[in-house]
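*Asks:* Following this note's numbering, the numbering of the sequence shown begins with 20 at its first residue and continues without gaps.
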Amino acid sequence: MVVAALTRQRPEMLRELLLSWARMTLPEQCSVKCLIVENDVQQVSRSVIDGCRPHFIDRELLYVLEPELGIPFGRNRAAKVAIAQNADLLLFVDDDEEVAEDWLVRMISGYRYSDAVLLGAPLRAKLPAEQLSFFQSKMFANIEARYRQKELRARNLATLNTTRNVTIVTNNWLAETAIFRDHGIWFDENMRFTGGTDAKFYLEVCKAGLPTGWVADAFVYETVPPKRLSFWYQYRRARDQSNTHIRRKSETSRHTIGAAVLGALAKIIPFIYLSIAIPFTGGRTVLGAARTLGWISGRLGYVFGARSVLYLEVTGN
């Protein structure tokens, strides 16, 4: 199997991910290779990877440069490397994450007890090393609570053999390489910087009738840098996610403009409520307010022709 991550200009976060890979327990009867795909025009992170190699005693660490910028290009490059390595499985996490020591063991255990060819697992939030302001601390608490809520929802809805209303995304992801090789399902390279290619990939896997599942106890931890702990960053993130979501729906529906306008109007009152509630809830609705405003803006932006550039900017270091 190949455990992979894309990286671009995040040397410190990448180092923490690599060290967590070096510490993780390997499953029995498995050949494990770790892969970093650097999605940049030059080898910025090569020295970080080489510096971590001594920690990879019983597992191989691979590196490739993918100069075609855009997450789907990097993901597809990782899949091609995995296929070239004769790997049966490809796993993805993000370069701003760390994996739990038992993460891979639990992912593979879930896979072995499942009929699924594509599985996801939970994401938890981790505090950054930097000192946070009062507002940043409140925003982090909101993000942490949102991740926990999503984790609980997935635990209640999904199983090892079904993902009812739970989308599998690449922050904690396992797939058989046969999905790429035999079924011809790849990440959409037309969505270069928009985000959402993993959600589209998941929907295409479901449309092909392939089974999906959820591993509820295989955890990864995302470090949330201070730059993401602002109202406007969370607003922009939700705006671009909303825009990408409605554009994806437009591929199968002729009524998305009307739906976008009506949907945006329907969110105005919830936004006002969440905004007013901020001081009365100790800040517990601030993320909801930011994301709801972003959701409205993303829908209206779609109507006027705006497109998401969610992953054009790199946050974290």
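Ideal Cβ positions, reconstructed from N, Cα and C, are used throughout, including at glycine.
Is A237 closer than 9 Å to A4 when the C-beta atoms are compared?
*Replies:* The question about residue 4 has no answer here: the residues shown for the chain are numbered 20 through 336.
*Asks:* By DSSP's criteria, Y82 is part of a beta bridge. Which residues make up the other side?
*Replies:* The count along the sequence shown starts at 1 and reaches residue 82 at position 63. BP columns for Y82 point to I55.
*Asks:* Could you pull the DSSP bridge partners for E116 from this structure?
*Replies:* Counting from one through the sequence shown, the residue named residue 116 turns up at place 97. Answer by DSSP bridge pairing, in chain order: E241.
*Asks:* Could you tell me the distance, in whole angstroms, from the CA atom of G93 to the CA atom of N191?
*Replies:* Here the question's residue 93 lines up with position 74 in the sequence shown. Here the question's residue 191 lines up with position 172 in the sequence shown. The straight-line gap from Cα to Cα measures roughly 16 Å.
*Asks:* On a Cα-Cα basis, can you pick out the residue from D114, D134, T334, G70 that is closest to L229?
*Replies:* Locating residue 229 in the sequence shown gives position 210, counting from the first residue. Of the listed residues, the one whose Cα sits closest to L229 is D134.
*Asks:* For T300, count neighbouring Cβ atoms within 10 angstroms of its own Cβ and tell me buried if that reaches 16, exposed if not.
*Replies:* On the sequence shown, position 281 is the one that residue 300 refers to. Result: exposed.
*Asks:* What's the call for N184, buried or exposed, on a 16-neighbour Cβ count within 10 Å?
*Replies:* Mapped onto the sequence shown, residue 184 falls at position 165. Label assigned to N184: exposed.
*Asks:* Using a threshold of 9 Å, state whether the C-beta atoms of Q28 and N336 are closer than that.
*Replies:* Stepping through the sequence shown from its first residue, residue 28 is reached at position 9. Stepping through the sequence shown from its first residue, residue 336 is reached at position 317. A contact, by the Cβ cut-off of 9 Å.
*Asks:* Which residues bound the alpha helix (DSSP H) around T216?
*Replies:* Within the sequence shown, the letter at position 197 stands for residue 216. Taken as a continuous stretch (DSSP letters only), the alpha helix (DSSP H) holding T216 covers 216-226.
*Asks:* By DSSP, does T178 sit in helix, in strand, or in coil?
*Replies:* Against the sequence shown, residue 178 aligns to sequence position 159. Strand at T178.
*Asks:* According to DSSP, is A144 helix, strand or coil?
*Replies:* Locating residue 144 in the sequence shown gives position 125, where the first residue counts as 1. Residue state, collapsed to three classes: strand.
*Asks:* Looking only at C-alpha atoms, which of S327, E35, Y240, L306 sits nearest to W251?
*Replies:* Translated into positions along the sequence shown, residue 251 becomes position 232. When each option's Cα is compared against that of W251, the closest is L306.
*Asks:* Assess, as a yes-or-no matter, whether the segment 217-234 is touched by the segment 173-182 under the definition of 3 or more beta carbon pairs within less than 8 Å.
*Replies:* Verdict: yes, contact present.
*Asks:* Does DSSP put F206 in a helix, in a strand, or in coil?
*Replies:* Taking the sequence shown and counting its residues from 1, the one referred to as residue 206 is at position 187. Here F206 sits in coil by DSSP.
*Asks:* Can you name the start and end residues of the alpha helix (DSSP H) that E31 belongs to?
*Replies:* Residue 31 sits at position 12 when you count from the first residue of the sequence shown. Where E31 is concerned, the enclosing alpha helix (DSSP H) stretches over 30-42.
*Asks:* In three-state terms, what does DSSP make of L123?
*Replies:* Walking along the sequence shown from the start, residue 123 turns up at place 104. The answer is helix: DSSP assigns L123 an H, G or I state.
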